[in-house]
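For reference, the structure discussed in these notes is given below.
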Amino acid sequence: MIRSITQPKLDTALESLLEGYTRLFVVGCGTCVTLTQTGGAPQVAAMRERLLSWGKMVTGSTVVPVACDELSHEILEEHQGAVASAEALVIMTCAFGVQTIAGQFGKMVVPALDTLFIGKESAAGTFLEVCVQCGQCILGETGGICPVTSCHKGLVNGPCGGTKAGKCEIDPNKDCAWTLIYNRLKSFDKLDLMRRYQPPRHHNVEPKPGRFQAPGT
Ligand code: SF4
Ligand code: SF4
Numbered sequence: 000m001i002r003s004i005t006q007p008k009l010d011t012a013l014e015s016l017l018e019g020y021t022r023l024f025v026v027g028c029g030t031c032v033t034l035t036q037t038g039g040a041p042q043v044a045a046m047r048e049r050l051l052s053w054g055k056m057v058t059g060s061t062v063v064p065v066a067c068d069e070l071s072h073e074i075l076e077e078h079q080g081a082v083a084s085a086e087a088l089v090i091m092t093c094a095f096g097v098q099t100i101a102g103q104f105g106k107m108v109v110p111a112l113d114t115l116f117i118g119k120e121s122a123a124g125t126f127l128e129v130c131v132q133c134g135q136c137i138l139g140e141t142g143g144i145c146p147v148t149s150c151h152k153g154l155v156n157g158p159c160g161g162t163k164a165g166k167c168e169i170d171p172n173k174d175c176a177w178t179l180i181y182n183r184l185k186s187f188d189k190l191d192l193m194r195r196y197q198p199p200r201h202h203n204v205e206p207k208p209g210r211f212q213a214p215g216t
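Sequential numbering of the sequence shown, starting at 0, is according to numbering that gives the first Met the number 0.
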């Protein structure tokens, strides 16, 4: 299952963001951050306690089912009084949830988490980065192994000079992504694909924010 992977901000970073605010409302999410145990009900309860210990007043808290869903607004409306009396919302969701809620309320938002990557659960409670949505997918030329996320240097035109006995020079416990790609392409008799040059991206001409229009809409 694909999830938005987050980690709590350091206390020092969060305290700095909270400077000047006394009354706070805490929002968690019942989806990705519940699974990663960074913004579910227990973490929201712990955040309440932490804020109180920092001398803050918590006007209320809730865990919305899916923070990045537009319906979050209606759920938070149920806490209208507590939200209204807060000076800021402490949001324990990924950046998608923070931006959704920020767009729905005329309130300052304080993200309590850092969003790391889109991850896939590889074992209970363990998530691996699978894609950074680079916009130029080359999985068709790498046998389905993403070098952008699997290689420590994100190299897309073959291995660096440090690969040794199939292991990565940065982490010898880790297989070199390009050795994995080589072996996979070899098994399909498709090693010629490794000779295809992947041109550098022109980041300076990419329009921001990115926009996609579904055909026929
Ligand atoms: S190359 Fe990797 S990071 Fe880029 S879109 Fe494909 S899977 Fe995602
Ligand atoms: S050894 Fe392999 S995985 Fe490690 S940085 Fe070099 S090419 Fe990437």
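For each residue, glycine too, the CB sits at the ideal point set by N, CA and C. Bear in mind the structure is a predicted one, so any value in this text is a computation, not a measurement.
Below 8 Å CB to CB, which residues in the same chain sit around Trp53 once its five sequence neighbours on both sides are set aside?
Glu14 and Leu17
Contact between the region 17–37 and the region 65–76 (3+ Cβ pairs under 8 Å): yes
Return yes when the C-beta of Cys145 is under 7 Å from any heavy atom of ligand 2, and no when it is not.
no
The beta strand (DSSP E) with Met56 in it runs from where to where?
Met56 to Val63
Exercise for review: Can you tell me the Cβ-Cβ gap for Thr35 and Thr61, rounded? I've got them flagged as a contact below 8 Å.
Suggested key: Not really, about 19 Å apart at Cβ, beyond 8 Å.
Under 8 Å, with one C-beta from each stretch per pair, do the region 124–143 and the region 69–88 reach the 3-pair mark?
no
Check each residue's C-beta against every heavy atom of ligand 2 and list, in chain order, those closer than 6 Å. Cys150, His151, Lys152, Leu154, Pro158, Cys159, Gly161, Thr162, Cys167, Glu168, Ile169, Cys175, Ala176 and Trp177
Give the secondary structure of Pro158 by DSSP, where H, G and I count as helix, E and B as strand, and everything else as coil. coil
query: Over what stretch of residues does the beta strand (DSSP E) that includes Gln6 continue unbroken?
result: Ile1 to Pro7
Selection from Ala87, Leu112, Pro41 and Gly102 that minimises the alpha carbon distance to Pro7: Leu112
Do Gly118 and Glu128 have their beta-carbon atoms positioned less than 8 Å apart in this structure?
yes
Practice task
Compute the minimum distance between the beta carbon of Cys133 and the heavy atoms of ligand 1, and state whether it is under 7 Å.
Solution key: yes
Original post:
Does ligand 1 have even one heavy atom less than 7 Å from the beta-carbon of Thr148?
Top reply: yes
*When we look at the beta-carbon of Cys136 and count the other beta-carbons within 10 Å, is it buried (16 or more) or exposed?*
exposed
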